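A.B. asks:
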Amino acid sequence: SSGGGVVASGGIIDYCEVFGNYARHGGGMYISGSTIVQNCNIYSNTCGDNGSQLQCGNGSPKISNCIITATTSQQNVIEFRWGTLAEFENILILVENINNAQEVVFYSWESSNPILNNVTIINKSSSSAGLVTIGAPSFFTIKNSVVYGYTLSEVTGVSATYSRFDNSVTGAGNIDTNPIFVDATNGDYRLSDYSPAIGAGTSDGAPDTD
Numbered sequence: 343s344s345g346g347g348v349v350a351s352g353g354i355i356d357y358c359e360v361f362g363n364y365a366r367h368g369g370g371m372y373i374s375g376s377t378i379v380q381n382c383n384i385y386s387n388t389c390g391d392n393g394s395q396l397q398c399g400n401g402s403p404k405i406s407n408c409i410i411t412a413t414t415s416q417q418n419v420i421e422f423r424w425g426t427l428a429e430f431e432n433i434l435i436l437v438e439n440i441n442n443a444q445e446v447v448f449y450s451w452e453s454s455n456p457i458l459n460n461v462t463i464i465n466k467s468s469s470s471a472g473l474v475t476i477g478a479p480s481f482f483t484i485k486n487s488v489v490y491g492y493t494l495s496e497v498t499g500v501s502a503t504y505s506r507f508d509n510s511v512t513g514a515g516n517i518d519t520n521p522i523f524v525d526a527t528n529g530d531y532r533l534s535d536y537s538p539a540i541g542a543g544t545s546d547g548a549p550d551t552d
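Everything in the sequence shown is counted per our numbering, starting at 343 for the first residue and increasing by one.
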């Protein structure tokens, strides 16, 4: 039902690769409670409903220093539900093959309140699909992040600050200029020395190492 490769409600999952799994929700992983996932590579998982790579449930799970790659067309990549307070920090999300305009990267519902901090999201597909779908009364927070290849609709339930999007987004510190990556063609999405995104973030709540 949930979590094709990993199901966890606590503990630490460190330096793992999670790939080639299937579930109705959270094809790669279902995490909840106080689970910590760090230094992992999550990719090539599939689902029957929501969250091809990951589903976050109740509690306050945290994911940091991971790469999440969606390599097959799915309804969405990451699902938040059951009132989760999930936190993502220092994550690279690559969307390589979502080509249906109805599909999104994030789906948040059932009173969930996820936070994305210092996250880079790259759309490598031909789709102009949306970034996030909110099911009220959920709330979605994006901070200190770089989003490339997606626009963010001005919808109730989404807060974005000190981040980069393809369009102009209301909120303190948001920009829409070219982020100028080091070498996007070869998958190096670090900011170059000339990137206008350098210095555009805020140190408030930022990790020690970006």
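Cβ atoms here follow ideal geometry from the backbone N, Cα and C, with glycine treated the same way.
Computed from a predicted model, the values in this text were never measured in an experiment.
Where are the beta strand (DSSP E) runs, 3 residues long or more, that stay fully inside the segment 370 to 426, in chain order?
C.D. replies: The segment 370 to 426 contains these whole beta strand (DSSP E) runs: 371 to 375, 378 to 380, 383 to 385, 388 to 392, 396 to 401, 404 to 412 and 418 to 422.
A.B. asks: For A542, which of helix, strand or coil comes out of DSSP?
C.D. replies: Three-state result, A542: coil.
A.B. asks: Whole alpha helix (DSSP H) runs in the segment 487 to 530 with 4 or more residues, listed along the chain?
C.D. replies: Listed in chain order, nothing qualifies, since the segment 487 to 530 has no complete alpha helix (DSSP H) run of 4 or more residues.
A.B. asks: In three-state DSSP terms, what is K485?
C.D. replies: Note: K485 maps to strand in three-state DSSP.
A.B. asks: Check the C-beta distance from C389 over to G362 and give it rounded, since I have them as a contact under 8 Å.
C.D. replies: With a Cβ gap of about 13 Å, C389 and G362 do not count as contacting.
A.B. asks: With N455 as the anchor, note down where its beta strand (DSSP E) starts and where it stops.
C.D. replies: That residue, N455, is in no beta strand (DSSP E); it is neither H nor E in DSSP.
A.B. asks: Report the residue from I378, S534, H367 and T462 whose alpha carbon sits nearest the alpha carbon of R423.
C.D. replies: Closest option to R423, Cα to Cα, is H367.
A.B. asks: Nearest CA to the CA of V489: which residue from D356, E496, L436 and V497?
C.D. replies: That would be L436, whose Cα lies nearest to the Cα of V489.
A.B. asks: For a test of the three-state rule: what should DSSP assign to S450, helix, strand or coil?
C.D. replies: Correct three-state label for S450: strand.
A.B. asks: Rank A428, N509 and V348 by C-alpha distance to the C-alpha of E496 and give the top, closest one.
C.D. replies: Cα-wise, what sits closest to E496 is N509.
A.B. asks: Would K485 pass as a contact of T462 if the rule is Cβ separation under 7 Å?
C.D. replies: Going by C-beta atoms, K485 is not nearer than 7 Å to T462.
A.B. asks: Assign D550 to one of three DSSP states: helix, strand, or coil.
C.D. replies: In the structure shown, D550 sits in coil (DSSP, three-state: anything other than H, G, I, E or B).
A.B. asks: Please check the pair V446 and G472, which I expect to be a contact at CB under 8 Å, by giving their CB distance rounded to whole angstroms.
C.D. replies: With 8 Å as the limit, V446 and G472 qualify as a contact, their Cβ atoms being about 5 Å apart.
A.B. asks: Does the segment 343 to 356 come close enough to the segment 369 to 384 that 3 or more CB-CB pairs lie under 8 Å?
C.D. replies: Yes, since at least three Cβ pairs between the segment 369 to 384 and the segment 343 to 356 fall closer than 8 Å, the two stretches touch.
A.B. asks: Whose CA, out of A539, I457 and T527, lies closest to the CA of G547?
C.D. replies: Here the closest residue by C-alpha is I457.
A.B. asks: What three-state label does DSSP hand L473 in the structure shown?
C.D. replies: In the structure shown, L473 sits in coil (DSSP, three-state: anything other than H, G, I, E or B).
A.B. asks: Between T544 and S376, what straight-line distance do the alpha-carbon atoms span, to the nearest angstrom?
C.D. replies: Cα to Cα, T544 sits roughly 27 Å from S376.
A.B. asks: Roughly how many whole angstroms lie between the Cα atoms of S534 and I522?
C.D. replies: Answer to the nearest angstrom: the Cα atoms are 6 Å apart.
A.B. asks: Going along the chain, which residues of its own chain have a beta-carbon closer than 6 Å to the beta-carbon of Y532, five neighbours each way excluded?
C.D. replies: Before going on, a small fix: residue 532 reads as Arg here, not Tyr. If we look at R532 and ignore the five residues flanking it on each side, its Cβ neighbours are V524.
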